[in-house]
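Here's the structure we're looking at; comments come further down.
Numbering (UniProt numbering), first residue to last: 1 to 322.
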């Protein structure tokens, strides 16, 4: 047994966040930012996790599984699930180096979980089917989010673009990305995905007759958006992004910081702009023509803590030859 490095991409949800938790479809694309996880089996009786991003080391004794606490607990859980699958209980050293901004809505925790499961299983001599990698990472995601949608671990595992419905799996889309860019802008305000999911579900349970039609509309919107994405009809796709943002605002997950960035992007030529992820903070995503991108980026920099462009990432989780 020796060390193995695996990586998995982050993601942007273009359509359907929150609504996907209750059975509506969503569309996500993998983006060109990756989480790298190195796993090395040891002779110890503990899992030691180091995060370069947080400059943090935490230790998790294997014989005290029920009392694990700490920021890196989901990583230890992801490794432990892979360990059980391989039927090899051993100590591990885990090193994390992620390009995906944490708390951004870009699937950082899921990418780390997927890469951890993948690297741990390979380090222990087990080649897992990608769907199994995704399933095991989903179990670790529950530690972070309580009731995750499943879309983050799916896109981190398979890459590309997918339409996803909880309980039914996903279909791979074939988007035409020519002449357009995705611009991401950070509100600078972190958000808690689990808390936002609980808040929206509580609202839906309190006012089902009002919220049910919103969920239904969100589902219909995703079906239409998938067709537009594969046609490369970005004018109309932008319109649907704006509508989707309105639905998310209606269920209470937008903020004044998000609205400022969304409207700044639109006013400077974006075809569409919306929050991405759980809301309450994090990033917005704007769809722009390549010729308009610099103007939009410049305008967003006046209000955002960071602005970046991303590419579609076709490759999901993979072993790195480092």
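Glycine is no exception: its CB is placed at the ideal position from the N, C-alpha and C atoms.
Quantities reported herein were computed from a predicted structural model and do not represent experimental measurements.
For this session: With distances taken Cα to Cα, identify the nearest neighbour of residue 34 among 86, 99 and 76.
Result: Counted from its first residue, the chain shown places residue 34 at position 34. That would be 99, whose Cα lies nearest to the Cα of residue 34.
For this session: Check each candidate in 15, 3, 321 and 314 and name the one with the smallest Cα separation from residue 163.
Result: Position 163 of the chain shown, counting from 1, holds the residue named residue 163. For residue 163, the nearest C-alpha among the options comes from 15.
Problem set entry | Close beta carbons around residue 63, own chain, < 7 Å, minus the five adjacent residues each side | Taking the chain shown and counting its residues from 1, one reaches residue 63 at position 63. Only 45 meet the Cβ criterion.
Exercise. Terminal residues of the continuous beta strand (DSSP E) containing residue 46?
Worked result: The count along the chain shown starts at 1 and reaches residue 46 at position 46. Residues 46-51.
Exercise. In whole angstroms, what separates the C-alpha of residue 133 from that of residue 195?
Worked result: Your numbering for residue 133 matches position 133 in the chain shown. Your numbering for residue 195 matches position 195 in the chain shown. Straight-line Cα distance between these residues: approximately 26 Å.
For this session: Please state if the CB of residue 297 and the CB of residue 262 are separated by a distance shorter than 7 Å.
Result: Position 262 of the chain shown, counted from the first residue, corresponds to residue 262. Position 297 of the chain shown, counted from the first residue, corresponds to residue 297. Cβ distance not < 7 Å, so residue 262 and residue 297 don't count as in contact.
For this session: Rounded to whole angstroms, what's the CA-CA distance from residue 249 to residue 231? Just pull it up for me.
Result: What you label residue 249 is simply residue 249 of the chain shown in a count that begins at 1. What you label residue 231 is simply residue 231 of the chain shown in a count that begins at 1. Roughly 28 Å between the two C-alpha positions.
Problem set entry | Straight-line Cα distance separating residue 234 from residue 70 | Reading the chain shown from its first residue, position 70 is the one you call residue 70. Reading the chain shown from its first residue, position 234 is the one you call residue 234. Near 43 Å, if we compare the C-alpha coordinates of residue 234 and residue 70.
Exercise. Hey, is residue 187's beta-carbon within less than 7 Å of any beta-carbon in chain B?
Worked result: Looking at the structure shown, chain B is missing, and only one protein chain is on hand.
Exercise. What are the start and end residues of the beta strand (DSSP E) that includes residue 263?
Worked result: In the chain shown, counting from the first residue as 1, residue 263 sits at position 263. Run containing residue 263: none in the beta strand (DSSP E); it sits in the alpha helix (DSSP H), 256-267.
Exercise. Where does the unbroken beta strand (DSSP E) through residue 129 begin, and where does it stop?
Worked result: Your numbering for residue 129 matches position 129 in the chain shown. From DSSP, residue 129 is part of no beta strand (DSSP E); its letter is neither H nor E.
Exercise. In chain order, which alpha helix (DSSP H) runs of at least 4 residues are fully inside the stretch 149-207?
Worked result: 151-158 and 193-206
For this session: Just tell me which of 288, 23, 114 and 274 has its CA closest to the CA of residue 241.
Result: Residue numbering aside, residue 241 sits at position 241 when the chain shown is read from its first letter. Closest by alpha carbon: 274.
Exercise. How many Å lie between residue 290 and residue 318 at the Cα?
Worked result: In the chain shown, the residue the question calls residue 290 occupies position 290. In the chain shown, the residue the question calls residue 318 occupies position 318. If you take the alpha carbons of residue 290 and residue 318, they lie about 30 Å apart.
Problem set entry | Which listed residue (120, 282, 106 and 109) has its alpha carbon closest to that of residue 91 | Along the chain shown, one-based indexing puts residue 91 at 91. If we check each option's Cα against that of residue 91, 120 comes out closest.
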